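Novice: From first to last, the protein sequence lines stand for chains A and B.
If you use the numbering used here, the first sequence closes out at 716, no skipped numbers anywhere.
If you use the numbering used here, the second sequence closes out at 716, no skipped numbers anywhere.
The beta carbon of each residue, even a glycine, is placed where N, CA and C say it ideally should be.
Since this is a predicted model, take the numbers as computed values, not measurements.
2 protein chains.
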Amino acid sequence: MNNFSLHLATKVLFGQGQIAHLASVIPADARVLITYGGGSIKRNGVLDQVHSALKNYTLFEFGGIEPNPTFETLMKAVEVVHNNKINFLLAVGGGSVLDGTKFIAAAADYVGETWDIVASGGKSVTKALPIGAVLTLPATGSEMNAGAVISRKETGDKQAFHSPYVLPRFAILDPLTTYSLPPRQVANGVIDAFVHTMEQYLTYPVDAKVQDRFAEGILLTLIEEGPKALKEPENYAVRANIMWSATMALNGLIGAGVPQDWATHMLGHELTAMHGLDHAQTLAIILPAIMRAKKTQKWEKLLQYAERVWGIDRGTEDERIEAAIKKTEQFFQQMGAPTRLSDYQLDGSSIPALIKKLEEHGMTHLGEHGDITLEESLKIYQSAR
Amino acid sequence: MNNFSLHLATKVLFGQGQIAHLASVIPADARVLITYGGGSIKRNGVLDQVHSALKNYTLFEFGGIEPNPTFETLMKAVEVVHNNKINFLLAVGGGSVLDGTKFIAAAADYVGETWDIVASGGKSVTKALPIGAVLTLPATGSEMNAGAVISRKETGDKQAFHSPYVLPRFAILDPLTTYSLPPRQVANGVIDAFVHTMEQYLTYPVDAKVQDRFAEGILLTLIEEGPKALKEPENYAVRANIMWSATMALNGLIGAGVPQDWATHMLGHELTAMHGLDHAQTLAIILPAIMRAKKTQKWEKLLQYAERVWGIDRGTEDERIEAAIKKTEQFFQQMGAPTRLSDYQLDGSSIPALIKKLEEHGMTHLGEHGDITLEESLKIYQSAR
Chain A
332 MNNFSLHLAT KVLFGQGQIA HLASVIPADA RVLITYGGGS IKRNGVLDQV
382 HSALKNYTLF EFGGIEPNPT FETLMKAVEV VHNNKINFLL AVGGGSVLDG
432 TKFIAAAADY VGETWDIVAS GGKSVTKALP IGAVLTLPAT GSEMNAGAVI
482 SRKETGDKQA FHSPYVLPRF AILDPLTTYS LPPRQVANGV IDAFVHTMEQ
532 YLTYPVDAKV QDRFAEGILL TLIEEGPKAL KEPENYAVRA NIMWSATMAL
582 NGLIGAGVPQ DWATHMLGHE LTAMHGLDHA QTLAIILPAI MRAKKTQKWE
632 KLLQYAERVW GIDRGTEDER IEAAIKKTEQ FFQQMGAPTR LSDYQLDGSS
682 IPALIKKLEE HGMTHLGEHG DITLEESLKI YQSAR
Chain B
332 MNNFSLHLAT KVLFGQGQIA HLASVIPADA RVLITYGGGS IKRNGVLDQV
382 HSALKNYTLF EFGGIEPNPT FETLMKAVEV VHNNKINFLL AVGGGSVLDG
432 TKFIAAAADY VGETWDIVAS GGKSVTKALP IGAVLTLPAT GSEMNAGAVI
482 SRKETGDKQA FHSPYVLPRF AILDPLTTYS LPPRQVANGV IDAFVHTMEQ
532 YLTYPVDAKV QDRFAEGILL TLIEEGPKAL KEPENYAVRA NIMWSATMAL
582 NGLIGAGVPQ DWATHMLGHE LTAMHGLDHA QTLAIILPAI MRAKKTQKWE
632 KLLQYAERVW GIDRGTEDER IEAAIKKTEQ FFQQMGAPTR LSDYQLDGSS
682 IPALIKKLEE HGMTHLGEHG DITLEESLKI YQSAR
């Protein structure tokens with residue numbers, strides 16, 4: 332096991348009805364800005380629940396935080412913060428609202444060029460407004476981690492930053508809020524959480540048995556519950572298991588003390604940026620391709636994955652690994668995400684341009700060994716056609 | 332899944348050499364009281380490491396916190412705190428040092444009768460000195476939870492209290508510090524962590540898949556690594572896996588949103604109090620007896636435990652359950668803890684007195700269903716002869 336530092340400081344209130352307890356976790360004298368996205372929280376009653384729980388508070392609202400939240404939009408929210416002496420941010424939504432709110436929190440009292448928050452990767456952040464979260468879309472884990480991805484229209488940048496100051500103070504996870512999600516978002520969330528887990532699991536063994544078993548537990552849960560969520564959208568237990576899996580998949584717990592990969596995310600990001608594919612769709616395409624391309628390097632963990640997650644224990648080692656990759660593809664397909672570029676009407680002609688983008692973004696040595704070079708990425712994209 | 336609130340706020344620094352980073356987690360102007368037990372930390376060099384990491388701090392020491400820490404001893408430490416204007420407590424040791432230090436922290440500025448901290452179960456605590464921990468004995472999970480068990484010689488009381496104010500701010504877990512533990516303490520720690528996990532797992536299903544898989548992951552790790560720790564005391568990976576398992580077993584994570592039992596601990600406590608058996612020895616005796624006595628109530632989880640933890644999937648359901656109980660007993664025996672009262676030269680003649688003690692302590696409705704009455708406890712003790 333590698334050395335690690337882990338601080339899971341976000342307080343979690345989990346379960347139906349927990350939104351009603353918001354006042355127990357926000358200071359009574361707070362001037363609260365409620366941040367949200369496209370307005371689904373108005374239609375499904377979540378915003379009403381928030382207002383009702385906080386009826387004695389001074390509340391403001393900022394809606395319209397887009398998927399892949401932009402600097403341009405978020406700076407308008409910073410203005411609202413300044414104009415109204417906001418001292419608490421309550422993000423109500425999914426990963427994009429959470430990520431955007433983290434930026435607003437860091438930007439509120441930031442001295443200097445605000446974009447430096449992102450450009451510095453978060454290192455320049457020395458304080459931030461306190462944030463709380465009411466999660467409505469299980470997927471990114473942003474509700475219990477200190478990271479955010481922010482885009483900038485003007486320059487076409489899309490970049491992550493991390494700072495302990497923007498870790499949410501609390502996260503309210505009520506599975507009922509996820510009943511009204513469109514199936515595609517449900518599926519995307521399950522795939523995203525699955526691949527977050529794989530990025531921290533499918534590397535090489537460091538004899539970290541608890542982390543491995545926890546990761547396998549999350550994968551097994553998502554495999555069992557993901558398809559059920561599509562068939563039985565109002566099955567509470569299913570929704571609850573998915574919601575808790577997604578938070579656990581990226582709050583730092585399973586990644587503590589183990590190598591991490593993240594190449595699937597990096598190669599996927601370029602597909603989203605260039606072709607507008609959903610983030611989860613890109614993961615469903617790239618992960619199996621990387622599993623095959625890095626088979627030798629990931630051999631031992633692939634065998635462990637085959638046996639413990641898919642129950643595959645017959646055949647040669649190579650056959651078991653290939654069977655596990657096929658099972659992974661079938662799972663993504665079952666969740667409605669095809670696993671080939673051609674399934675999305677992409678013939679591979681943009682691959683050189685994708686590689687150029689990877690190079691521009693400094694993604695020249697990816698993976699847990701840093702051995703996924705541009706040449707290797709080219710092969711991976713090609714094998715995914 | 333049941334509703335839950337979970338706050339894992341302790342920052343963890345895990346791995347060899349982490350003690351050297353103590354200054355990064357204690358305020359520079361702190362006046363620190365280092366608390367410890369019988370002095371093994373002087374012999375194994377851990378205290379020297381602490382001093383060397385904190386050479387720029389104003390340090391005080393309080394040793395001699397006994398196993399089952401007493402009010403009488405701890406009140407002497409409170410005096411040291413007052414006399415020296417201590418504003419930070421650094422517990423260096425195992426569960427007893429941790430628990431004792433939590434009491435000192437709560438008692439330091441307590442207004443009123445100090446024993447009320449314990450008598451109120453911690454409810455009367457409204458503040459406490461900050462605590463940090465350097466763990467040297469993986470077992471109780473006290474380094475990452477808000478509970479403590481305190482004894483009082485004068486009255487013979489032994490009682491738990493819980494307060495969020497005494498949750499350690501940080502815990503340093505360096506597996507190297509555990510190399511010099513006597514085998515019996517290693518074994519006891521593994522059994523304690525195993526049974527902590529079982530108390531939160533072996534109840535009835537509430538469709539909490541992540542929690543179940545995490546609990547099973549801890550159990551599997553302890554089963555694999557426990558015996559190895561006895562055979563290869565300087566195997567770092569083994570020590571690391573046990574240390575992380577023990578913390579995860581009782582920091583709230585696997586118990587969040589699921590029913591809990593704790594009857595094994597309660598019946599075991601009386602055996603320790605009356606006969607001086609090690610805590611872990613009592614657990615090794617009582618758990619298998621409870622598994623048999625409550626077989627019907629725990630049927631589904633027993634089958635799941637048999638299959639997922641011991642790989643038992645053949646035979647009638649009853650046979651599988653009995654096989655899993657036998658495996659559990661063999662595991663405890665393998666760790667050096669026999670599983671019958673008679674193995675400890677107890678013939679059962681004290682059972683009526685044990686039941687009387689349970690009654691005195693209000694332990695009349697134990698277990699996840701509250702159906703382990705005194706009559707039932709009597710049968711459990713008898714079946715464990």
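For the alpha helix (DSSP H) holding B:Leu633, just list the boundary residues, first then last.
Specialist: Locating residue 633 of chain B in the second sequence gives position 302, counting from the first residue. Taken as a continuous stretch (DSSP letters only), the alpha helix (DSSP H) holding B:Leu633 covers Trp630 to Trp641.
Novice: So what's B:Ala624 in DSSP terms, helix, strand or just coil?
Specialist: Position 293 of the second sequence, counted from the start, is the residue given in the question as residue 624 of chain B. Correct three-state label for B:Ala624: helix.
Novice: Against chain B, which members of the region 563-577 of chain A pass a CB distance test of less than 7 Å?
Specialist: Result list: Ala568, Ala571, Asn572, Trp575 and Ser576.
Novice: Show which residues of chain B have a CB atom less than 7 Å away from the CB atom of A:Asn476.
Specialist: Mapped onto the first sequence, residue 476 of chain A falls at position 145. Those within 7 Å of A:Asn476 in chain B number zero; the least Cβ separation is about 13 Å.
Novice: At 3 residues or longer, and completely inside the region 384-461 of chain A: list those beta strand (DSSP E) runs for me, N to C.
Specialist: Within the region 384-461 of chain A, the complete beta strand (DSSP E) runs of at least 3 residues are 389-393 and 419-424.
Novice: Mind checking A:Met475: buried by the 16 CB within 10 Å criterion, or exposed?
Specialist: Counted from its first residue, the first sequence places residue 475 of chain A at position 144. Flag for A:Met475 reads buried.
Novice: Look up A:Gln591 in the DSSP assignment and say whether it is helix, strand or coil.
Specialist: The sequence position of residue 591 of chain A within the first sequence is 260, counting from 1. Residue state, collapsed to three classes: coil.
Novice: Between B:Asn375 and chain A, is the shortest Cβ-Cβ distance under 9 Å, so that the two count as touching?
Specialist: The sequence position of residue 375 of chain B within the second sequence is 44, counting from 1. Answer no: the Cβ-Cβ gap between B:Asn375 and chain A never drops below 9 Å.
Novice: Nearest CA to the CA of A:Pro499: which residue from A:Pro513, A:Pro506, A:Arg483 and A:Ala464?
Specialist: Residue mapping note: residue 499 of chain A aligns to position 168 of the first sequence, counting from 1. The option with the nearest alpha carbon to A:Pro499 is A:Ala464.
Novice: Using 9 Å as the limit for Cβ to Cβ distance, is A:Phe335 near chain B?
Specialist: On the first sequence, residue 335 of chain A is found 4 positions in, with the first residue counted as 1. So yes, A:Phe335 belongs to the interface.
Novice: Pick helix, strand or coil for A:Gln490, following the three-state DSSP scheme.
Specialist: As a first step, residue 490 of chain A must be located in the first sequence, where it is residue number 159. A:Gln490 falls in the strand class under three-state DSSP.
Novice: Within the region 465-512 of chain B, note down every full beta strand (DSSP E) run reaching 3 residues or more, in order along the chain.
Specialist: Within the region 465-512 of chain B, the complete beta strand (DSSP E) runs of at least 3 residues are 478-483, 488-493 and 501-504.
Novice: Are the region 359-367 of chain B and the region 410-425 of chain B in contact at 8 Å, needing three or more beta carbon pairs?
Specialist: Result yes; three or more Cβ-Cβ pairs closer than 8 Å.
Novice: Comparing the C-beta of B:Ala354 with each C-beta of chain A, is any distance below 9 Å?
Specialist: Stepping through the second sequence from its first residue, residue 354 of chain B is reached at position 23. B:Ala354 does not count as touching chain A.
Novice: Which whole-angstrom value is the C-beta distance of A:Leu672 and A:Ile616, which I expect to be below 8 Å?
Specialist: The residue given as residue 672 of chain A occupies position 341 in the first sequence. The residue given as residue 616 of chain A occupies position 285 in the first sequence. So it is a contact: roughly 6 Å between Cβ atoms.
Novice: Between the region 375-395 of chain A and chain B, which residues of the former have CB atoms less than 7 Å from a CB of the latter, in chain order?
Specialist: The residues in question: there are none.
Novice: Checking contacts by CB at 9 Å: is B:Arg645 closer than that to chain A?
Specialist: Working through the second sequence from its first residue, we reach residue 645 of chain B at position 314. Not one chain A Cβ lies under 9 Å of B:Arg645.
Novice: Helix, strand or coil for B:Leu550 per DSSP?
Specialist: For the purposes of this step, residue 550 of chain B is identified with residue 219 of the second sequence, where counting begins at 1. Three-state DSSP puts B:Leu550 in a helix.
Novice: Should the region 520-537 of chain A be called in touch with the region 365-379 of chain A, which here means at least 3 C-beta pairs below 8 Å?
Specialist: Judged by Cβ distances under 8 Å, the region 520-537 of chain A makes no contact with the region 365-379 of chain A, as fewer than three pairs qualify.
Novice: In three-state DSSP terms, what is B:Ile585?
Specialist: Within the second sequence, the letter at position 254 stands for residue 585 of chain B. Here B:Ile585 sits in coil by DSSP.
Novice: Taking the continuous alpha helix (DSSP H) assigned at A:Ser371, which residues delimit it?
Specialist: As a working mapping, residue 371 of chain A is identified with position 40 in the first sequence. Here the alpha helix (DSSP H) through A:Ser371 covers Ser371 to Arg374.
Novice: In chain order, what residues of the region 697-708 of chain A put their CB closer than 9 Å to some CB of chain B?
Specialist: Residues passing the 9 Å Cβ filter: none.
Novice: Please list the partners that A:Asp447 has in chain B, where partner means a Cβ-to-Cβ separation under 8 Å.
Specialist: Residue 447 of chain A sits at position 116 when you count from the first residue of the first sequence. Near A:Asp447 there are no residues of chain B at all, since even the closest Cβ is about 25 Å away, more than 8 Å.
Novice: Note down, in chain order, every chain B residue with its Cβ under 8 Å from the Cβ of A:Arg544.
Specialist: Start at 1 with the first residue of the first sequence, and residue 544 of chain A comes out as number 213. Chain B residues near A:Arg544: Arg544, Phe545, Glu547, Gly548, Ile549, Leu551 and Thr552.
Novice: From the beta carbon of B:His338, is the nearest beta carbon of chain D less than 9 Å away?
Specialist: No chain D appears in the structure shown, which is made up of the protein chains A and B.
Novice: For A:Gln665, which residues in the same chain have their Cβ closer than 6 Å to its Cβ, ignoring the five residues on either side in sequence?
Specialist: The residue you call residue 665 of chain A lines up with position 334 of the first sequence. So the list reads Pro558, once near-sequence residues are dropped.
Novice: Given A:Ala577, which residues of its chain have a CB within under 7 Å of its CB, disregarding the five upstream and five downstream residues?
Specialist: Start at 1 with the first residue of the first sequence, and residue 577 of chain A comes out as number 246. These residues qualify, in order along the chain: Pro469, Ala470, Gly472, Gly520 and Ala524.
Novice: Mind checking whether B:Ile396 and B:Ile503 have CB atoms under 9 Å apart?
Specialist: Mapped onto the second sequence, residue 396 of chain B falls at position 65. Mapped onto the second sequence, residue 503 of chain B falls at position 172. Going by C-beta atoms, B:Ile396 is not nearer than 9 Å to B:Ile503.
Novice: In the DSSP assignment, find the alpha helix (DSSP H) that holds B:Leu709 and state where it starts and stops.
Specialist: For the purposes of this step, residue 709 of chain B is taken as residue 378 along the second sequence, with counting starting at 1. Unbroken alpha helix (DSSP H) run through B:Leu709: Leu705 to Ser714.
Novice: Checking contacts by CB at 9 Å: is A:Ala539 closer than that to chain B?
Specialist: Walking along the first sequence from the start, residue 539 of chain A turns up at place 208. Chain B contact via Cβ: present.
Novice: Check whether the Cβ atoms of B:Thr341 and B:Phe545 lie closer than 9 Å to each other.
Specialist: The count along the second sequence starts at 1 and reaches residue 341 of chain B at position 10. The count along the second sequence starts at 1 and reaches residue 545 of chain B at position 214. Contact flag unset, no.
Novice: Buried or exposed: which applies to B:Gln676, given that a residue is buried once 16 or more other Cβ atoms fall within 10 Å of its Cβ?
Specialist: Residue numbering aside, residue 676 of chain B sits at position 345 when the second sequence is read from its first letter. Result: exposed.
Novice: Is DSSP giving B:Arg544 helix, strand or coil here?
Specialist: As a working mapping, residue 544 of chain B is identified with position 213 in the second sequence. Of the three classes helix, strand and coil, the one that applies to B:Arg544 here is helix, per DSSP.
Novice: What are the uninterrupted segments assigned as beta strand (DSSP E) that are 3 or more residues long and contained completely in the region 638-676 of chain A, given in chain order?
Specialist: Within the region 638-676 of chain A, no complete beta strand (DSSP E) run reaches 3 residues.
Novice: Just the C-alpha distance for B:Met332 and A:Ala437, rounded to the nearest angstrom, thanks.
Specialist: As a first step, residue 332 of chain B is located in the second sequence; it is residue number 1 there, counting from the start. As a first step, residue 437 of chain A is located in the first sequence; it is residue number 106 there, counting from the start. For B:Met332 and A:Ala437, the distance between alpha carbons rounds to 35 Å.
Novice: What span of residues does the beta strand (DSSP E) with A:Val517 cover, start to end?
Specialist: On the first sequence, position 186 is the one that residue 517 of chain A refers to. Where A:Val517 is concerned, there is no enclosing beta strand (DSSP E), although the alpha helix (DSSP H) it sits in stretches over Pro514 to Tyr532.
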